[in-house]
Amino acid sequence: MKALVYVGDATVRQLEVAPPHAGSGEVMVRVLQAGVCGTDMCVVRDERPKAVAPMTLGHEFVGLRQDTGERVIVNPLLACGHCRACGEGRPHLCDNRQVIGVHRNGGFAEAVAVPERNLVPAGRATTTQAAMADPVATALHAYRLAARAIGTGPVAILGAGSIGLSLLFVLKRFGVRDITVTDLSAERRAFADAGGADRTAQGIDASFDVIFDSVGAVATRRDAGLRVRPGGTAVLVGLHSADLALPAGPLIGGERTLQGSFGYTPDEFREAVSMLPDLDTRWVHAVPFDEAEQMFTRLLEGRLPPGQIKLQMRMSA
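Going by my numbering, the first residue of the sequence shown is number 243, and it counts up by one from there.
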């Protein structure tokens, strides 16, 4: 079967690979559509998280169960079920956490073997919407971590990429008002305007109750940590950089909170799936699988138009 494989040396290749076989408790899923995530970029660049080549990437995907034909969305987070975090109902923080498409072969392929417990019916979501479950669930989890701190706002989202726009979608869904979205790209700011942002700007120039950093660069983390009001909360979601550089004085003296946010719980993933039929996907760009290797290379080289915010590959008709 065809698969897009990380082969090491910052390279992905479309290859013919042996089809997988479902093990105990697993089912075969014929992939319909899969999204490219910043995590995939980090894997290929040999940053965190680490993957052992050769590895079929892809953790944002929707497909058909081969046994029943049902359209399903795959929760890519795998947990041991025995550690303290799992016992506390936080399997996304599992000591032995693995991710489909990072630690085992994922959805950039014609078919993949997946634990049955990780399948969620796609319901009324379109195929494009269904492949957005992971970003929306990530945004939902970040919102839940900061919900008490948000109050009546104002709130800022740094970055109008797929996580930033998913955050905007979730915040609007829960009635949050006075939302500012920042991004250097005018095209991306236009999508934020269309998504209901109360204000868009190139950079942050005010104080906010809560700031969500969906970028994860050193500069945006600094802005998030220092631009929240005293007593406010900065939620760090983006993973672009491994570094954090903030002066301690304003954090301590202003009792500002830095809140990390990673992944989502299984319940949050299912809730996100229920929200997908209302997601505007005009900023999602899908290409046929045969063009995926070239698209991935352009993405790694930064040669894609800023308006192509979320890239997906169509694996099957």
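Cβ atoms here follow ideal geometry from the backbone N, Cα and C, with glycine treated the same way.
query = Mind checking whether the beta-carbon of Gly480 lies closer than 7 Å to any heavy atom of the ligand COA?
reply = Absence of the ligand COA from the depicted structure is noted, as is the absence of any ligand whatsoever, leaving it without description.
query = What number of angstroms, rounded off, separates the C-alpha of Gly401 from the C-alpha of Arg415?
reply = Reading the sequence shown from its first residue, position 159 is the one you call residue 401. Reading the sequence shown from its first residue, position 173 is the one you call residue 415. The straight-line gap from Cα to Cα measures roughly 19 Å.
query = Just reading off the alpha helix (DSSP H) that Leu468 is part of, what are its end residues?
reply = In the sequence shown, counting from the first residue as 1, residue 468 sits at position 226. Unbroken alpha helix (DSSP H) run through Leu468: Val460 to Arg469.
request  = Apply the 10 Å Cβ neighbour rule to Asp520 and answer buried if 16 or more other Cβ atoms are within range, or exposed otherwise.
outcome  = Counted from its first residue, the sequence shown places residue 520 at position 278. Counting Cβ neighbours within 10 Å, Asp520 comes out exposed, since fewer than 16 surround it.
request  = Count the other C-beta atoms from every protein chain shown that fall within 10 angstroms of the C-beta of Glu358, then say buried if there are 16 or more, exposed otherwise.
outcome  = Looking up residue 358 in the sequence shown gives position 116. It is exposed - the Cβ of Glu358 has fewer than 16 other Cβ atoms within 10 Å.
key: Chain-order list of residues whose beta-carbon lies under 6 Å from that of Leu468 (same chain, five-residue window excluded)   = Taking the sequence shown and counting its residues from 1, one reaches residue 468 at position 226. Pro492, listed in sequence order.
key: Between the CA atoms of Tyr385 and Leu413 - distance to the nearest angstrom   = Stepping through the sequence shown from its first residue, residue 413 is reached at position 171. Stepping through the sequence shown from its first residue, residue 385 is reached at position 143. Cα to Cα, the separation comes out at about 7 Å.
Where His561 sits in the DSSP three-state scheme = Outside the modelled stretch of the chain, which goes from 243 to 559, sits residue 561, for which no answer is possible.
inquiry  = In this structure, how does DSSP classify Gly473 when only helix, strand and coil are distinguished?
reply    = Position 231 of the sequence shown holds residue 473. Strand at Gly473.
message = I need the DSSP call for Ala245, collapsed to helix, strand or coil.
response = Residue 245 sits at position 3 when you count from the first residue of the sequence shown. Strand.
query = Going straight from the alpha carbon of Leu335 to that of Ile446, what length do you get?
reply = As a position in the sequence shown, residue 335 is number 93, starting the count at 1. As a position in the sequence shown, residue 446 is number 204, starting the count at 1. Leu335 and Ile446: Cα-Cα distance of roughly 31 Å.
ask   = Using DSSP with H/G/I as helix, E/B as strand and the rest coil, what is Phe416?
value = In the sequence shown, residue 416 corresponds to position 174, counting from 1. Residue state, collapsed to three classes: coil.
message = So Gly549 and Glu429 are supposed to be a Cβ contact under 8 Å. How far apart are they, rounded?
response = For the purposes of this step, residue 549 is taken as the residue at position 307 of the sequence shown. For the purposes of this step, residue 429 is taken as the residue at position 187 of the sequence shown. Correct: roughly 4 Å between the Cβ atoms.
request  = Could you pull out every unbroken beta strand (DSSP E) segment of at least 3 residues lying fully inside the stretch 293 to 357, listed in chain order?
outcome  = 302 to 307, 313 to 316 and 353 to 357
ask   = Helix, strand or coil: how does DSSP classify Gln256 here?
value = As a first step, residue 256 is located in the sequence shown; it is residue number 14 there, counting from the start. Here Gln256 sits in strand by DSSP.
inquiry  = For Gly438, which residues in the same chain have their Cβ closer than 8 Å to its Cβ, ignoring the five residues on either side in sequence?
reply    = The count along the sequence shown starts at 1 and reaches residue 438 at position 196. Answer for Gly438: Leu410, Lys414 and Ile421, listed in chain order.
ask   = Tell me, which residues are paired with Met562 by DSSP?
value = No answer is possible for residue 562: it lies beyond the span of the chain, which begins at 243 and ends at 559.
query = From which residue to which residue does the alpha helix (DSSP H) around Pro489 run?
reply = Taking the first residue of the sequence shown as position 1, residue 489 is located at position 247. Where Pro489 is concerned, there is no enclosing alpha helix (DSSP H), given that its DSSP letter is neither H nor E.
At least 3 beta-carbon pairs within less than 8 Å: the stretch 361 to 377 vs the stretch 484 to 502 = no
inquiry  = With DSSP as the reference, identify every bridge partner of Leu500, one or two as the case may be.
reply    = What you label residue 500 is simply residue 258 of the sequence shown in a count that begins at 1. DSSP output for Leu500 lists Ala476 as bridge partner(s).
task = Just mark Ala375 as buried or exposed, buried being the case when its beta carbon has 16 or more other beta carbons within 10 Å.
result = In the sequence shown, the residue the question calls residue 375 occupies position 133. So Ala375 ends up on the buried side.
ask   = Under a Cβ-count criterion, where at least 16 other Cβ atoms within 10 Å of its own Cβ denotes burial, should Gly265 be classed as buried or exposed?
value = By one-based count along the sequence shown, residue 265 stands at place 23. Answer is exposed; the Cβ neighbour count stays below 16.
inquiry  = For Pro291, report the span of its alpha helix (DSSP H) as first-last.
reply    = Walking along the sequence shown from the start, residue 291 turns up at place 49. Neither: Pro291 is in no alpha helix (DSSP H) and is coded neither H nor E.
query = CB-CB under 6 Å to Gly544, same chain, minus the five flanking residues each way: which ones, in chain order?
reply = As a first step, residue 544 must be located in the sequence shown, where it is residue number 302. No residues qualify anywhere along the chain.
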